[in-house]
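Heads up, the thing below is written out as structure tokens.
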Amino acid sequence: MELNKLTSISPLDGRYRKNVEELDVYFSEMALMKYRVKVEVLYLLALSKVVKVGKINKNKLISLYEKFTLKDAQKIKDIEKTTNHDVKAVEYFIKSKVKSEFIHFALTSEDVNNLAYSLMLKDGVNNVLLPTVKNLNKKIKELAKKYQNISLLSLTHGQPATPTSLGKELAVFVKRLNRQIKILENIKLLGKLNGATGNWAAHHIAYPKINWLNFSRKFVSSLGLEPNLITTQIESHDSLAEVYDAIRRVNNIIRDLDQDMWLYISRKIFKQQNKKGEIGSSAMPHKINPIFFENSEGNIGLANAILDFLSNKLPVSRMQRDLTDSTVLRNQGSAIAYSVLAYQNTLKALNRVEADKQQCNKELNEHWEVLAEAIQTVLRKIGYPAPYEKLKELTRGKEINQQSINKFIDSLEISKSEKQKLKSLTPSKYTGLASKLIDLL
Numbered sequence: 001m002e003l004n005k006l007t008s009i010s011p012l013d014g015r016y017r018k019n020v021e022e023l024d025v026y027f028s029e030m031a032l033m034k035y036r037v038k039v040e041v042l043y044l045l046a047l048s049k050v051v052k053v054g055k056i057n058k059n060k061l062i063s064l065y066e067k068f069t070l071k072d073a074q075k076i077k078d079i080e081k082t083t084n085h086d087v088k089a090v091e092y093f094i095k096s097k098v099k100s101e102f103i104h105f106a107l108t109s110e111d112v113n114n115l116a117y118s119l120m121l122k123d124g125v126n127n128v129l130l131p132t133v134k135n136l137n138k139k140i141k142e143l144a145k146k147y148q149n150i151s152l153l154s155l156t157h158g159q160p161a162t163p164t165s166l167g168k169e170l171a172v173f174v175k176r177l178n179r180q181i182k183i184l185e186n187i188k189l190l191g192k193l194n195g196a197t198g199n200w201a202a203h204h205i206a207y208p209k210i211n212w213l214n215f216s217r218k219f220v221s222s223l224g225l226e227p228n229l230i231t232t233q234i235e236s237h238d239s240l241a242e243v244y245d246a247i248r249r250v251n252n253i254i255r256d257l258d259q260d261m262w263l264y265i266s267r268k269i270f271k272q273q274n275k276k277g278e279i280g281s282s283a284m285p286h287k288i289n290p291i292f293f294e295n296s297e298g299n300i301g302l303a304n305a306i307l308d309f310l311s312n313k314l315p316v317s318r319m320q321r322d323l324t325d326s327t328v329l330r331n332q333g334s335a336i337a338y339s340v341l342a343y344q345n346t347l348k349a350l351n352r353v354e355a356d357k358q359q360c361n362k363e364l365n366e367h368w369e370v371l372a373e374a375i376q377t378v379l380r381k382i383g384y385p386a387p388y389e390k391l392k393e394l395t396r397g398k399e400i401n402q403q404s405i406n407k408f409i410d411s412l413e414i415s416k417s418e419k420q421k422l423k424s425l426t427p428s429k430y431t432g433l434a435s436k437l438i439d440l441l
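In terms of the numbering used here, the sequence shown is residues 1 to 441.
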């Protein structure tokens with residue numbers, strides 16, 4: 001591990017650096033500078049189509065962000081030492097390359113920032129977060145199909161309940177994630193370009209004949225964002241909050257899966273791979289701990305704490321603006337990184353487990369009382385008096401086995417065929433349509 005990783009304050013830049021470094025290009029300080037340069041350059045090029053901005057070289061301008069380097073970022077940082085203003089430093093950097101006073105013309109910093117941050121989030125989510133969670137969901141679906149026909153003792157309120165199939169229980173997570181992924185994909189981030197307090201005042205005083213509403217609408221749309229034409233100095237951040245909330249819902253589903261898998265492992269429903277050389281406990285040599293599910297759960301907690309704060313804070317700003325959003329927005333990358341790190345760990349954990357069919361059957365055979373529902377339902381159908389109450393008396397709080405169930409069935413005054421139907425039931429067979437539900441995925 002490099003020295004800078006050992007001295008990092010954040011584990012994202014230290015211990016977990018290799019897991020999330022692909023997010024650098026979207027959420028680092030250098031990335032923020034690059035996206036700001038991109039917005040400024042594209043704005044100048046759009047402006048050049050409606051006003052005379054002087055002689056500019058389009059290819060040279062575009063190369064400023066397409067070939068943006070660490071050296072360029074350092075130069076902007078050096079300029080900021082004097083300006084003490086990060087967006088102004090970007091403007092001066094571009095002006096050192098291109099001589100034009102139309103760079104940052106009639107804009108406020110928030111015109112650049114809101115577009116840059118929305119583009120960073122859009123690209124980071126589309127290019128890293130969504131592919132990672134889709135890859136995870138693909139694995140869950142694969143396991144759902146693999147374990148489609150393995151019967152499982154279900155627990156409701158932590159107590160033995162109607163049996164299910166292991167595959168169907170995993171399919172629940174696939175279905176839930178599919179819905180939230182679709183919602184996340186369809187959220188359209190907003191962007192604004194309308195000056196100091198959202199009125200195009202400087203634009204209009206300089207060029208009153210230009211339709212600045214249409215200009216801004218077209219420019220923001222060209223960035224793949226939805227134009228927000230009525231704002232204060234800042235874009236309202238409502239659409240950012242929608243994305244954060246959608247990611248938080250995805251995370252909660254995965255946390256739910258992590259916890260269920262942890263419990264399945266505890267019940268020995270799933271066996272974990274014994275990796276040569278790995279250590280589970282520093283004191284207890286026998287242990288293989290479900291550390292990757294636990295790591296995922298912990299990182300989801302961190303991610304959701306940040307996402308929750310971002311979602312609650314950013315849409316609230318005093319009067320026409322305050323600066324609290326500026327420092328808060330810098331942390332959206334951390335929320336994405338903790339989320340991606342969690343997904344990676346859950347996927348790693350799922351690749352290390354194998355269902356134990358024998359243990360599933362053993363559990364089921366220890367809980368014949370779960371057939372009480374089936375028996376009382378059949379008795380209801382044929383009009384048998386007080387079937388629920390009779391099964392309650394037989395099973396509630398008692399240890400029941402196949403012999404006691406069969407003895408009870410034999411005591412019933414019902415037809416021989418109905419008795420045979422009930423006696424042919426076993427806990428592993430009483431799963432209804434569970435295995436067929438996998439086909440709906």
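By construction, the Cβ of each residue, glycine as well, lies at the ideal position given by its N, Cα and C atoms.
Would you mind sorting residue i into buried or exposed? The rule is 16 or more other CB atoms within 10 Å of its CB.
i, result
"residue 1", "With a pLDDT of only 45 at residue 1, under the threshold of 50, the placement of this residue in the model should not be trusted; the figure read from the coordinates follows. Exposed is the call here."
"residue 264", "buried"
"residue 147", "buried"
"residue 4", "exposed"
"residue 284", "exposed"
"residue 159", "exposed"
"residue 322", "exposed"
"residue 444", "Missing from the structure shown is residue 444; the chain here goes from 1 to 441 and no further."
"residue 33", "buried"
"residue 9", "exposed"
"residue 243", "buried"
"residue 167", "buried"
"residue 434", "buried"
"residue 43", "buried"
"residue 319", "exposed"
"residue 312", "exposed"
"residue 179", "exposed"
"residue 330", "exposed"
"residue 208", "exposed"
"residue 60", "exposed"
"residue 203", "buried"
"residue 21", "exposed"
Quick one, are the C-beta atoms of residue i and residue j less than 7 Å apart?
i, j, result
"residue 368", "residue 402", "yes"
"residue 196", "residue 108", "yes"
"residue 6", "residue 136", "no"
"residue 231", "residue 198", "yes"
"residue 342", "residue 409", "no"
"residue 119", "residue 35", "yes"
"residue 374", "residue 391", "no"
"residue 27", "residue 333", "yes"
"residue 353", "residue 270", "yes"
"residue 77", "residue 350", "no"
"residue 431", "residue 164", "yes"
"residue 355", "residue 335", "no"
"residue 134", "residue 441", "no"
"residue 429", "residue 406", "no"
"residue 210", "residue 317", "no"
"residue 145", "residue 414", "no"
"residue 442", "residue 337", "The structure shown does not extend to residue 442, since the chain spans only 1 to 441, so no value can be given for it."
"residue 293", "residue 258", "yes"
"residue 385", "residue 376", "no"
"residue 228", "residue 268", "no"
"residue 297", "residue 255", "yes"
Which whole-angstrom value describes the C-beta separation of residue i and residue j, a residue pair presumed to lie in contact below a C-beta threshold of 8 Å?
i, j, result
"residue 187", "residue 246", "6 Å"
"residue 89", "residue 101", "That belief does not hold up - the Cβ atoms of residue 89 and residue 101 are roughly 17 Å apart, past 8 Å."
"residue 184", "residue 112", "So it is not a contact: roughly 26 Å between Cβ atoms."
"residue 240", "residue 189", "7 Å"
"residue 94", "residue 64", "6 Å"
"residue 340", "residue 83", "Residue 340 to residue 83, Cβ: 34 Å. No contact."
"residue 325", "residue 307", "Not confirmed; about 15 Å, so no contact."
"residue 345", "residue 274", "The pair is not a contact, with the Cβ atoms about 19 Å apart (cut-off 8 Å)."
Let me see if you follow: with CB-CB separation under 7 Å, is residue i close to chain D or not?
i, result
"residue 379", "In the structure shown, chain D does not exist; there is a single protein chain."
Whole beta strand (DSSP E) elements within the region 143 to 189, 3-residue minimum: 151 to 156 and 159 to 165
Uninterrupted beta strand (DSSP E) stretches inside the region 93 to 148 (no shorter than 3 residues): none
Given 8 Å, three or more beta-carbon pairs between the region 145 to 152 and the region 61 to 71: no
Touching by the beta-carbon criterion (3+ pairs, under 8 Å), the region 379 to 395 and the region 170 to 189: no
Any beta strand (DSSP E) of 3 or more consecutive residues that is wholly inside the region 248 to 289: 270 to 272
At least 3 beta-carbon pairs within less than 8 Å: the region 219 to 237 vs the region 35 to 48: yes
Segments assigned alpha helix (DSSP H), at least 4 residues, entirely inside the region 44 to 69: 58 to 66
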